[in-house]
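Engineer: Next up is a structure, given as structure tokens.
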Amino acid sequence: MSPEGSVNSPAKLATKNLSVFYGSFQAVIDVGIEFPACAITAIIGPSGCGKSTLLRSLNRMNELIEGAKIRGEILLDGKNIYQLNVLELRKRVGMVFQRPNAFPLSVFDNIAYGPRVHGINRRQKLTEIVERSLKAVRLWDELKDRLDQNALGLTDEQRQRLCIARMLAVEPEVLLLDEPCSALDPIATLHIEDLLRQLKEKYTIVIVTHNMQQAARVSDFTGFMLLGKLIEFGTTSQIFTRPQHPETENYISGRFG
Amino acid sequence: MNSLPADRRRRKYFLSNVYFLFLAVPVIIFLVFVAYMVFYLFRNGINVISWEFITRPPERGMTAGGILPCIVGTLYVTLVSLIFSIPIGVFAAIYLAEYAPNNLLTRMIRSAVRSLAGIPSIVYGLFGVALFVRGVHLGLSVLASGLTLGLMNLPWIIATAEEALSSIPGSFREGALAVGATKWEAIRHNVLPFAFPGILTGILLALARTMGETAPILFTGVTYFTRELPRSPLQKFMALPYHLFALATQHDQLMKARPIAFGTAAVLLILVLMFDGVAFLLRMRIATANKWQV
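Line order of the protein sequences matches chains Z and P.
Anchor point for the first sequence: position 119 equals 119 in the working numbering, and the numbering is continuous, going up by one each time.
Here the working numbering = 1-based position in the second sequence + 257.
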């Protein structure tokens, strides 16, 4: 589905008739969705509706689960992602997870990790990248004197920002966030949402969340999933004020989920 | 809040103490036995240990002199066995933990590894005779014994290393893969360094066992007596555990050899404890460097 009111904005990333299976279980059923460039798209739905699976198939992270396979197409700039090298794909389509999974390394090494695996080893270049990435997530002022400190000593919010910075360091085009605030307190959640609003100037962002208020606050477009199917997709204001499907309305109004 | 009547509560409290006692008593019994054994060994062995004892070969039919050939022999076979078993064991564990598909074959291999760890060491000894001494014509030698011990260690190292690798959270791997690292890069940077203390523990258990095992070397290279230190890995050698066995049961003047036997046992124990200590320090240093269990 392409969202109402976005006819002119080109889709950065799109799926066509996408189905994802884990063994014989079908987690995502025939989903077609277009993620507009430089906008935040939220995917909401109750637990187990397939929203994380959909997200993880977009940079092929679902392949880590044994027996996972997909049918249908996923297009990045109109090109099938399976024609790209998987490492190249994950560099262009970065991902942040539910729990801030900072590596047990220094702040510097955490961010330099990505650039290093892509072959950048010059200290000066790495220092530049670390500074730029930390500035992008508003951590530079807090951490510029503590770049050698182990990242596990940071607060939850700082660690999640660090994970976003680590993703930005490899200069991705699309950011996938899998419930990035579910391990954070409400204040930290608002901070991360602010950050996402700033990042959407440059990046296409897809965020999976079970927090409807968060989707309403932060996203431009919203997709509602239920039992593996994409029930409805539209601009966030349309989904939250004039849902077309009774299931969407039930979920939005809190009658289940 | 507290809805139970007072007598039931007291009973519960009393029972909880009884269970605690049940759990504590075995630990205390175990500690008493171990402490007594170590104390007994050192009380009888410590007077024998001197500079001469650890730097001289045995003299006068092994009722005097030192045990240098045994110390050197034991260290030598242990070294050979670890050079053989550490790389193979750790690589096998990485394969099983990270790469092998979770299918029937893998599960069979895994349970075979567990079973091999339980096979009596004498079986390894006889297998070593068939394969290394006779099969590949290594003869009775340090090499044959070392490889036999290495074979015995392998399942222990594989099992503990696999356990250590599996205990590293999947999020470490995911984080690396999500920025475009290859699987091997994710393992090398984000799994191996953090699994290292656990792997080291397995190696250490294997090492302590290797130094103390008698059966696997019995038919594959150890000898009752030689004044020479092994110069090549194809020579026979003396070893601490076998020396101890010989002095304690095979010697024609048991009472005269007894102090040397105690001294040998004490030296063996000290060596094992020394390696334990080194590994402990190493583990502490690495664990503080990679502190990830928050």
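Glycine residues also receive a C-beta, built at the ideal position from the N, C-alpha and C atoms.
Please read all numbers here as calculations on a predicted model, not as lab measurements.
Measure the CB-CB distance between Val208(Z) and Ile43(Z) and report whether it falls below 8 Å.
Structural biologist: It is a contact, given that the beta carbons lie within the stated cut-off.
Engineer: With three or more beta-carbon pairs closer than 8 Å as the criterion, would you say the segment 66 to 81 of chain Z touches the segment 223 to 240 of chain Z?
Structural biologist: With the cut-off at 8 Å, the segment 66 to 81 of chain Z and the segment 223 to 240 of chain Z do not touch.
Engineer: Which residue comes first and which comes last in the alpha helix (DSSP H) that contains Asn85(Z)?
Structural biologist: Neither: Asn85(Z) is in no alpha helix (DSSP H) and is coded neither H nor E.
Engineer: In angstroms, rounded to a whole number, what distance separates the CA positions of Ile253(P) and Phe453(P)?
Structural biologist: Residue 253(P) cannot be examined here, being either before or after the span of chain P that is shown, 258 to 551.
Engineer: So what does Gln26(Z) bridge to, in DSSP terms?
Structural biologist: Its beta-bridge partners are Phe21(Z).
Engineer: Check the Cβ-Cβ distances between Tyr113(Z) and every residue of chain P, and say whether any is below 8 Å.
Structural biologist: Judged by the 8 Å Cβ criterion, Tyr113(Z) is in contact with chain P.
Engineer: Ala42(Z) lies in the alpha helix (DSSP H); which residues open and close that run?
Structural biologist: Per DSSP, Ala42(Z) belongs to no alpha helix (DSSP H); it is in the beta strand (DSSP E), Ile40 to Ile44.
Engineer: Ignore the nearest five residues each way along the sequence and tell me which others in Ile111(Z)'s own chain have a CB closer than 8 Å to its CB.
Structural biologist: Ile129, Val130, Ser133, Leu134, Leu162, Ala165, Arg166 and Ala169, listed in sequence order.
Engineer: What are the residues in the segment 148 to 180 of chain Z lying within 9 Å of chain P by C-beta distance?
Structural biologist: So the list reads Asn150, Leu152, Gly153, Cys163, Arg166, Met167, Ala169, Val170, Pro172 and Leu176, given in the order they occur along the chain.
Engineer: Kindly indicate which three-state DSSP category Ala433(P) falls into: helix, strand or coil?
Structural biologist: Helix.
Engineer: Establish whether the CB of Ala369(P) and some CB of chain Z are separated by less than 8 Å.
Structural biologist: Not closer than 8 Å to any Cβ of chain Z, the Cβ of Ala369(P) fails to qualify, so no.
Engineer: Tell whether a beta-carbon distance below 8 Å holds between Gly478(P) and Phe502(P).
Structural biologist: No, they are not a contact pair.
Engineer: Alpha carbons only, please: which of Gly223(Z), Ala27(Z), Gln244(Z) and Ala39(Z) is nearest the one belonging to Gln198(Z)?
Structural biologist: Checking every option, the nearest Cα to that of Gln198(Z) belongs to Ala39(Z).
Engineer: What three-state label does DSSP hand Lys91(Z) in the structure shown?
Structural biologist: Reduced to three states, the DSSP call for Lys91(Z) is helix.
Engineer: Residues of chain Z with a CB under 7 Å from the CB of Thr363(P): which are they?
Structural biologist: Going along chain Z, no residue has its Cβ under 7 Å from Thr363(P), so there is no contact; the nearest lies around 11 Å.
Engineer: Relative to the C-alpha of Asp509(P), which residue among Arg317(P), Phe519(P) and Phe287(P) is closest?
Structural biologist: Per the Cα distances, Arg317(P).
Engineer: Quick check on Val448(P): buried or exposed, where buried means 16 or more other Cβ atoms within 10 Å of its Cβ?
Structural biologist: Val448(P) comes out buried.
Engineer: Against Gly407(P), what residues of chain Z qualify as contacts under a CB-to-CB distance less than 8 Å, listed in chain order?
Structural biologist: Within 8 Å Cβ-Cβ: nothing; Gly407(P) doesn't reach chain Z, min ~32 Å.
Engineer: Please say whether Gly45(Z) and Ala435(P) have beta carbons closer to each other than 8 Å?
Structural biologist: No, they are not a contact pair.
Engineer: DSSP three-state call for Lys269(P): helix, strand or coil?
Structural biologist: Helix.
Engineer: For Gly455(P), return the contacting residues in chain Z, with the cut-off set at a CB-CB distance below 9 Å.
Structural biologist: Here the premise fails: no neighbours, minimum Cβ distance about 15 Å.
Engineer: In chain order, what residues of the same chain lie with their CB nearer than 7 Å to the CB of Gln26(Z), ignoring the 5 residues before and after it?
Structural biologist: Contacts found: Ser19 and Gly228.
Engineer: Flag this pair as yes or no: are the beta carbons of Ala216(Z) and Pro100(Z) separated by less than 8 Å?
Structural biologist: Result no, Cβ atoms of Ala216(Z) and Pro100(Z) do not sit closer than 8 Å.
Engineer: Taking Met294(P) as the reference, which of Ile543(P), Met541(P) and Ala522(P) has the closest Cα?
Structural biologist: Nearest of Ile543(P), Met541(P) and Ala522(P) to Met294(P), Cα basis: Ala522(P).
Engineer: What did DSSP end up calling Arg488(P) once you bin it into helix, strand or coil?
Structural biologist: Looking at Arg488(P) - three-state DSSP - the assignment turns out to be coil, as it is neither helix nor strand.
Engineer: Could you check whether the segment 260 to 273 of chain P touches the segment 484 to 493 of chain P, counting it as contact only if at least three pairs of C-beta atoms, one from each stretch, sit closer than 8 Å?
Structural biologist: No, they do not touch.
Engineer: Report the residues of the segment 100 to 111 of chain Z with a CB closer than 7 Å to any CB of chain P, ordered along the chain.
Structural biologist: Cβ contacts with chain P: Asn101, Phe103 and Pro104.
Engineer: Going along the chain, which residues of its own chain have a beta-carbon closer than 8 Å to the beta-carbon of Tyr333(P), five neighbours each way excluded?
Structural biologist: Once the five neighbours on either side are set aside, the close Cβ partners of Tyr333(P) are Val399, Gly403, Pro487, Pro490 and Phe494.
Engineer: Consider the Cβ of Val436(P): report whether some Cβ of chain Z lies at a distance smaller than 8 Å.
Structural biologist: Yes, contact with chain Z.
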